[in-house]
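What follows is a set of notes on a single structure, which appears directly below.
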């Protein structure tokens with residue numbers, strides 16, 4: 001099977017898409033990956049690094065998807081990017097060599113929305129009659145690509161959307177199917193009354209004929225393309241098994257981390273840190289890179305990820321947080337519900353909480369309280385931040 005995945009980034013428009021092509025044998029299909037950022041996360045964490053390469057559970061987000069596709073037999077990838085393409089080329093060149101796949105790069109020159117990139121890739125996605133995947137690369141789940149492909153082939157219509165059940169559908173666009181069928185009848189955006197609890201999970205399969213519906217201009221796949229296909233009764237829904245989360249926002253990134261760690265626990269993954277041999281693990285769901293240094297008097301967990309070469313000092317307490325590579329958390333600091341960026345330094349006896357996000361190379365001085373701050377890269381904080389805010393300048397006071 002041929003599969004393609006796409007990757008495009010728009011830093012200036014607060015929109016990041018991932019877009020490319022992958023080949024699989026002996027059958028065929030393709031995959032396209034779409035990603036939408038939120039401003040704070042983009043600014044605070046990924047300002048100095050392309051968003052698809054930001055780590056999720058100690059692995060670049062895009063690599064989770066590429067690895068899953070490779071397991072399904074993917075051989076060729078075409079990636080289109082426009083934000084720091086040289087970084088994407090350098091990093092993914094290593095991925096190409098590691099997995100024995102071919103990765104090609106294309107640069108988009110203007111924002112094209114969530115459907116326009118498909119038209120841009122028409123020569124790739126439409127060069128034969130094989131279907132292609134479309135993936136939102138902010139989505140974490142079990143990636144059941146093979147089952148989804150087989151479902152699409154069985155019904156024979158133009159498109160398939162993977163859907164997931166949520167407890168509060170009023171916050172999303174709901175996918176409504178015809179009674180007793182997988183055929184999608186309509187989409188209801190943030191319904192006031194209950195019409196269903198299945199929402200778009202951000203993973204699709206289309207036949208190349210869908211490209212005839214999309215112009216090479218800024219276009220929304222959700223608002224323009226999907227309703228048109230559904231009106232022709234050519235769109236089906238596939239229930240996603242297992243967990244799901246769109247991790248494009250900091251709070252959802254942390255929630256998605258918890259779900260992924262719980263999945264690793266349920267599958268008895270050897271990636272998790274063993275509490276039997278590491279007494280500083282508390283409550284489980286702890287993922288620590290082997291190169292990280294953890295003082296034995298620290299208390300870590302539940303739901304904590306610690307990246308490569310990070311250093312955790314004596315008496316530190318960590319829970320429901322992510323510590324990215326080369327970060328240092330000094331003696332008796334307390335961190336919860338927060339993301340500590342690369343090369344950042346959290347001082348002694350400092351408390352960080354409430355969805356605080358530190359960018360690359362941020363220093364928080366000793367004995368401070370940081371509450372819900374988004375701190376851009378290369379900043380130093382010398383006084384407490386008691387209310388959620390954005391810190392944009394290098395200074396000794398909060399703004």
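Residue numbers (the UniProt record's numbering): 1 to 399.
All residues carry an ideal CB built from backbone N, CA and C; glycine is no exception.
Nonlocal neighbours in the same chain, by C-beta distance under 7 angstroms from residue i, ignoring five residues either side
i, result
"residue 349", "332, 333, 366, 367"
"residue 317", "299, 334"
"residue 301", "281, 282, 283, 284, 285, 286, 319"
"residue 336", "319, 320, 321, 353"
"residue 146", "72"
Closest residue to residue i among the options (Cα-Cα distance)
i, options, result
"residue 208", "158, 176, 193", "158"
"residue 50", "263, 388, 360, 305", "360"
"residue 133", "391, 77, 172, 275", "77"
"residue 175", "193, 114, 199, 169", "199"
"residue 192", "203, 169, 390, 126", "169"
"residue 250", "340, 87, 385", "340"
"residue 90", "114, 136, 143, 53", "53"
"residue 111", "219, 351, 184", "219"
"residue 223", "303, 114, 59, 292", "114"
"residue 171", "181, 273, 184, 188", "188"
"residue 119", "162, 143, 179, 211", "211"
"residue 144", "126, 258, 255, 205", "205"
"residue 246", "260, 312, 264, 139", "139"
"residue 162", "74, 385, 203", "203"
Neighbourhood of residue i by C-beta distance below 6 angstroms, restricted to the same chain and skipping five residues each side
i, result
"residue 244", "141, 164, 201"
"residue 326", "309, 342, 343"
"residue 195", "174, 176, 188"
Neighbourhood of residue i by C-beta distance below 8 angstroms, restricted to the same chain and skipping five residues each side
i, result
"residue 228", "213"
"residue 279", "296"
"residue 387", "371, 372"
"residue 70", "99, 101"
"residue 363", "344, 345, 347, 379, 380, 381"
Three-way DSSP call (helix, strand, coil) for residue i in this model
i, result
"residue 87", "helix"
"residue 65", "helix"
"residue 181", "coil"
"residue 252", "helix"
"residue 119", "helix"
"residue 355", "coil"
"residue 415", "Here the chain has residues from 1 to 399 only, and residue 415 is not among them."
"residue 258", "helix"
"residue 28", "With a pLDDT of only 39 at residue 28, under the threshold of 50, the placement of this residue in the model should not be trusted; the figure read from the coordinates follows. Three-state DSSP puts residue 28 in coil, outside helix and strand."
"residue 11", "Note that residue 11 scores a pLDDT of 33, beneath 50, so its modelled location is shaky and nothing firm can be said."
"residue 237", "strand"
"residue 243", "coil"
"residue 124", "helix"
"residue 263", "helix"
For this session: Go through the region 138-173 residue by residue and report every complete run of the alpha helix (DSSP H) that reaches 4 residues or more, in order.
Result: Fully enclosed alpha helix (DSSP H) runs of 4 or longer: 145-155.
Exercise. Whole alpha helix (DSSP H) runs in the region 359-397 with 4 or more residues, listed along the chain?
Worked result: No alpha helix (DSSP H) of 4 residues or more sits fully in the region 359-397.
Problem set entry | Every unbroken alpha helix (DSSP H) inside the region 183-233 [4 residues or more] | Runs of alpha helix (DSSP H) with 4 or more residues, each lying fully within the region 183-233, are found at 226-231, listed in chain order.
Problem set entry | Validate contact between the region 234-249 and the region 144-154 using beta carbons, cut 8 angstroms, 3 pairs | The region 234-249 and the region 144-154 touch, with no fewer than 3 CB-CB distances between them shorter than 8 angstroms.
Problem set entry | Inter-stretch contact at 8 angstroms, needing at least 3 Cβ pairs: the region 86-105 / the region 53-69 | Yes: at least three Cβ pairs fall under 8 angstroms.
Exercise. Given 8 angstroms as the limit, is there contact between the region 282-290 and the region 252-271, that is, 3 or more CB pairs closer than that?
Worked result: At 8 angstroms Cβ cutoff, the stretches touch.
For this session: Please list the segments of the beta strand (DSSP E) lying wholly inside the region 276-361, counting only runs of 3 or more residues, in order along the chain.
Result: 286-288, 304-306, 317-323, 334-340, 351-353, all fully within the region 276-361.
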